[in-house]
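Q: Under our numbering, residues 531 to 878 are what the sequence shown spells out, in order.
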Amino acid sequence: MTKIFIIGATGHIGGAVLDLVYPKYPDVHIKALVRDEKKGKILMSKYPRVTFVVGDLTSLDLLTREAKEADVVINTGPDVKQDVAISAILEGSANHSPKAYYIHTAGASLIWDSPGSSQIEPKIFDDVLDIQALKSFPPTALHATSNALVFAASPSINIAIVSPTVVHGLSPSPLHPAPISLPPLLSAITTTQSGFTISPTTNLQSHIHVLDLAQIYLSLLSSALNDPSPDPQKWGPEAFYFAASEDLSFGEYMSFLVSKVSKPPYKLVHDTQIKELPFSEAVEVVGTLTAYLFGINMQVRCTRAKEVLGWVPRAKKVEGGLDAVLEVYYKERDDGAGMQELDDTYGL
Numbered sequence: 531m532t533k534i535f536i537i538g539a540t541g542h543i544g545g546a547v548l549d550l551v552y553p554k555y556p557d558v559h560i561k562a563l564v565r566d567e568k569k570g571k572i573l574m575s576k577y578p579r580v581t582f583v584v585g586d587l588t589s590l591d592l593l594t595r596e597a598k599e600a601d602v603v604i605n606t607g608p609d610v611k612q613d614v615a616i617s618a619i620l621e622g623s624a625n626h627s628p629k630a631y632y633i634h635t636a637g638a639s640l641i642w643d644s645p646g647s648s649q650i651e652p653k654i655f656d657d658v659l660d661i662q663a664l665k666s667f668p669p670t671a672l673h674a675t676s677n678a679l680v681f682a683a684s685p686s687i688n689i690a691i692v693s694p695t696v697v698h699g700l701s702p703s704p705l706h707p708a709p710i711s712l713p714p715l716l717s718a719i720t721t722t723q724s725g726f727t728i729s730p731t732t733n734l735q736s737h738i739h740v741l742d743l744a745q746i747y748l749s750l751l752s753s754a755l756n757d758p759s760p761d762p763q764k765w766g767p768e769a770f771y772f773a774a775s776e777d778l779s780f781g782e783y784m785s786f787l788v789s790k791v792s793k794p795p796y797k798l799v800h801d802t803q804i805k806e807l808p809f810s811e812a813v814e815v816v817g818t819l820t821a822y823l824f825g826i827n828m829q830v831r832c833t834r835a836k837e838v839l840g841w842v843p844r845a846k847k848v849e850g851g852l853d854a855v856l857e858v859y860y861k862e863r864d865d866g867a868g869m870q871e872l873d874d875t876y877g878l
C-alpha cells in the first residue's frame, strides 16, 4: 500500500491538504505527525483511516524513520530555523526505495523587500522566469537555507517546493480553520481603536485562499501517485511553485477588515478610520512578524502551477471570504480556543 506522511496535518494549510487527499485516495495509507495524543484523536475523529505518530520537529530520529517508510512526504510545517529537522526528513526520504517524493512548504517571505521601501515599482517575482534568482538569495533571506537543502536533495529525491503568499480563507482543519495572520491584526485594531497601515508606502502583497493553495499540493501528489515516471517539469531542482491569486495593498486589506469589524456583532471600532503607523510602532502593536508581513512588498506570479499543473484558482477573494472567517474565529475564541502560537497554528 502506498504510504503518505504528512507534517502539519492539523494546521491551517495541512488540514486543507488532508481534507482533499483523504477522499481522493481511499486506498492510500496516510500517517500524520501530531504534537500530542489529543490532537491525533481529533484528527482521527474526522478522518478515521488516518493514523498518527506523536512528535515534533525536534524528534529527529522519528522524522527520519517515518520519512524513510513513506512513498510521499508532504511537509506543511514551518521551515524557518528548522534546517536540522528538514535534513532529518530528507535523510529518510533519500533512503526510500523506489525514489521517494517530498513536497516542501516555504513561505514567499523569501522575496520580502525592506519595510517602508520606497521602490516605485517593486520587483514582481515569477517562479519560472526568475527561478535562478529565487535560488540565489543569500542565506540571510528567510527560507533561503531550507530551500537550498531541499533543492540539493533533488538527485536522490523527487522534490517540489510550494511557496504560499499571504494565506486567507477558511480551512477545513478541525483545529485551525482561521488563517494565522488574522488574530494579531484584530488585536491591533482593538488596541489602536482604528484600522491602520504601516509606513507611508503602498505595501503590495499577493494573497492565496487556503483551498486554492491545497489544490497545488493535491496536483503534485496526484502526479507522484499516477505518473508512470517523474515529470522533470513538475519535480526537481527548478520545481518551485508560488501560490497567489490576488494582489492587494495592505490599505485595501485593512479597509475590508475594518468595514466588517466596525459593525455588529463585533464592533471592535466605532468607525472605519485608518491611520498610518510608523514601522517601529507597528512592531510594538502587532509584533515583528506581522509588521514585516504587511509592511513590505511581496508580489509574485505563479506561472509554474498554472502551466505545469493546469492549476486554476477558484475560491473566494479576500473580501468575499472575510465574513465566514470572522464568524468562525470569534466562535472559537468565545468557546475558549483563543489565539494560537505560530508553531501551533502550523499544526505541530
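We treat Cβ as the ideally placed atom computed from N, Cα and C, and that holds for glycine.
Apart from the five residues just before and just after D557, which ones in its own chain have a Cβ nearer than 8 Å to its Cβ?
A: Translated into positions along the sequence shown, residue 557 becomes position 27. Within the same chain, D557 has close Cβ partners M531 and T532.
Q: Using the Cα positions of S711 and V696, report the straight-line distance between them to the nearest angstrom.
A: Along the sequence shown, one-based indexing puts residue 711 at 181. Along the sequence shown, one-based indexing puts residue 696 at 166. The straight-line gap from Cα to Cα measures roughly 8 Å.
Q: Which same chain residues, not among the five before or five after I560, have their C-beta less than 6 Å away from its C-beta?
A: Here residue 560 refers to the residue found at position 30 of the sequence shown. Result list for I560: I534 and V580, in chain order.
Q: Since T588 and G544 are thought to touch, with beta carbons under 8 Å apart, how far apart are those beta carbons, to the nearest angstrom?
A: In the sequence shown, counting from the first residue as 1, residue 588 sits at position 58. In the sequence shown, counting from the first residue as 1, residue 544 sits at position 14. Contact doesn't hold; Cβ gap of about 18 Å is too wide.
Q: Count the CB pairs spanning the stretch 811-818 and the stretch 742-762 that are closer than 8 Å, and state whether there are at least three.
A: In short, these stretches do not touch, since the Cβ pair count stays below three.
Q: What does the alpha-carbon distance come out to for the pair K847 and E776?
A: In the sequence shown, residue 847 corresponds to position 317, counting from 1. In the sequence shown, residue 776 corresponds to position 246, counting from 1. Answer to the nearest angstrom: the Cα atoms are 7 Å apart.
Q: May I have the straight-line CA-CA distance separating P702 from D853, to the nearest angstrom?
A: In the sequence shown, the residue the question calls residue 702 occupies position 172. In the sequence shown, the residue the question calls residue 853 occupies position 323. Taking the straight line joining both Cα atoms gives about 16 Å.
Q: From I537, L548, H542 and Y552, pick the residue whose C-alpha is nearest to that of L590; which is it?
A: Numbered from its first residue, the sequence shown carries residue 590 at position 60. That would be I537, whose Cα lies nearest to the Cα of L590.
Q: Return the CA-CA distance between T732 and E596, expressed in angstroms with no decimal places.
A: Residue mapping note: residue 732 aligns to position 202 of the sequence shown, counting from 1. Residue mapping note: residue 596 aligns to position 66 of the sequence shown, counting from 1. Rounded to whole angstroms, T732 to E596 spans 45 Å at the Cα level.
Q: Residues in its own chain within less than 7 Å of P714 by CB, not counting five upstream and five downstream?
A: Position 184 of the sequence shown, counted from the start, is the residue given in the question as residue 714. Here the set comprises V816, G817 and T820.
Q: With DSSP run on the structure shown, which of helix, strand or coil describes I804?
A: Residue 804 sits at position 274 when you count from the first residue of the sequence shown. Of the three classes helix, strand and coil, the one that applies to I804 here is strand, per DSSP.
Q: Apart from the five residues on each side of it in sequence, which residues of its chain come closer than 7 Å, Cβ to Cβ, to G868?
A: On the sequence shown, residue 868 is found 338 positions in, with the first residue counted as 1. Note that G868 scores 45 on pLDDT, short of 50, meaning its location in the model is unreliable and no value can be drawn from it.
Q: Using the Cβ count rule (16 or more neighbours within 10 Å means buried), how would you classify G840?
A: As a position in the sequence shown, residue 840 is number 310, starting the count at 1. G840 should be labelled exposed.
Q: Could you check the C-alpha separation between L878 and D586 for me, to the nearest Å?
A: Mapped onto the sequence shown, residue 878 falls at position 348. Mapped onto the sequence shown, residue 586 falls at position 56. With a pLDDT of only 36 at L878, under the threshold of 50, the placement of this residue in the model should not be trusted; the figure read from the coordinates follows. Computed Cα separation, rounded: 6 Å.
Q: According to the neighbour-count rule (16 or more other Cβ atoms, all chains shown, within 10 Å of its Cβ), is T540 buried or exposed?
A: Your numbering for residue 540 matches position 10 in the sequence shown. T540 is buried by the Cβ-count criterion.
Q: F780 to S627, Cα distance in whole Å?
A: Stepping through the sequence shown from its first residue, residue 780 is reached at position 250. Stepping through the sequence shown from its first residue, residue 627 is reached at position 97. Approximately 47 Å, taken between the alpha carbons.
Q: Below 8 Å, how does it come out for the stretch 619-635 and the stretch 793-804: are there three or more Cβ pairs, yes or no?
A: With a cut-off of 8 Å, the stretch 793-804 and the stretch 619-635 do not count as touching, because too few Cβ pairs lie within range.
Q: Work out the CA separation of S785 and D660 for me, nearest whole Å.
A: Start at 1 with the first residue of the sequence shown, and residue 660 comes out as number 130. Start at 1 with the first residue of the sequence shown, and residue 785 comes out as number 255. Going from the Cα of D660 to the Cα of S785 covers about 32 Å.
Q: I need the DSSP call for N625, collapsed to helix, strand or coil.
A: By one-based count along the sequence shown, residue 625 stands at place 95. If DSSP states are grouped into helix, strand and coil, N625 belongs with coil.
Q: Per the contact definition of three or more C-beta pairs closer than 8 Å, is the stretch 671-689 in contact with the stretch 600-614?
A: Yes: the two stretches touch, three or more of their Cβ pairs being nearer than 8 Å.
Q: Throw me the rounded Cβ distance for the K793 and L856 pair, which I believe falls under 8 Å.
A: Taking the sequence shown and counting its residues from 1, one reaches residue 793 at position 263. Taking the sequence shown and counting its residues from 1, one reaches residue 856 at position 326. That belief does not hold up - the Cβ atoms of K793 and L856 are roughly 10 Å apart, past 8 Å.
Q: Have a look at L679, E567 and G725 and flag the residue whose alpha-carbon is nearest the alpha-carbon of V614.
A: On the sequence shown, residue 614 is found 84 positions in, with the first residue counted as 1. With distances taken between Cα atoms, V614 lies closest to L679.
Q: Take every Cβ of the stretch 598-605, pair it with every Cβ of the stretch 569-578, and state whether three or more of those distances are shorter than 8 Å.
A: Judged by Cβ distances under 8 Å, the stretch 598-605 makes no contact with the stretch 569-578, as fewer than three pairs qualify.
Q: Could you pull the start and end residues of the beta strand (DSSP E) that Y632 belongs to?
A: Within the sequence shown, numbered from 1, the residue matching residue 632 stands at position 102. Y631 to T635 is the span of the beta strand (DSSP E), which, as asked, contains Y632.
Q: Could you give the C-beta distance for V547 and A744, rounded to a whole number, given that I count them as a contact under 8 Å?
A: By 1-based counting over the sequence shown, the position of residue 547 is 17. By 1-based counting over the sequence shown, the position of residue 744 is 214. Yes, V547 and A744 are in contact; Cβ-Cβ is about 5 Å, under 8 Å.
Q: For A774, which of W765, V842, T721 and S749 has the nearest alpha-carbon?
A: On the sequence shown, position 244 is the one that residue 774 refers to. Among W765, V842, T721 and S749, the Cα nearest to that of A774 is on V842.
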